[in-house]
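Numbering (mature numbering (1 follows the signal peptide of the UniProt record, and there is no 0)), first residue to last: -18 to -1, 1 to 109.
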């Protein structure tokens, strides 16, 4: 009788474990589905921001001239253009009015500084 009860307990535990695993698997599938839907909704903006960041980082990787001023300006040009490009992604995909306003402010300020740096570079790069 003791062996029968022990076997019954083991059997019940196995069934409970299998049921729990099945339920856990179902919940994981549901979570993956929800995450996939959220991921699809985010993918366009995330992809755009990733591309902008990749371009900015590539453009900041300049061949150093040995002139600290020129190298600084060239790297900052790429950095500022990256900021403008990121802000444009925000304007395309963003919904929050405050974030969108900040993006507009960033674009205006960075474009002004980009023009200033380009002028400086034209006047000073060959010195």
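Glycine included, every Cβ here is placed at the ideal spot set by N, Cα and C.
By the Cβ-count criterion, residue 72 is buried, with 16 or more other Cβ atoms from all chains shown falling within 10 Å of its own Cβ. The distance from the Cβ of residue 66 to that of residue 89 is about 5 Å, consistent with a contact at the 8 Å cut-off. The beta carbon of residue 46 is closer than 7 Å to those of 53 in its chain, skipping five residues each way along the sequence.
Under the three-state reduction of DSSP output, residue 94 falls in the helix class. If you look at residue 107, you'll find it isn't in any alpha helix (DSSP H); DSSP assigns it neither H nor E. Taking all protein chains in view, the Cβ of residue 64 is crowded by 16 or more other Cβ atoms within 10 Å, so the residue is classified as buried. Nearest neighbour of residue 42 by Cα position, chosen from 59, 34 and 51, turns out to be 59.
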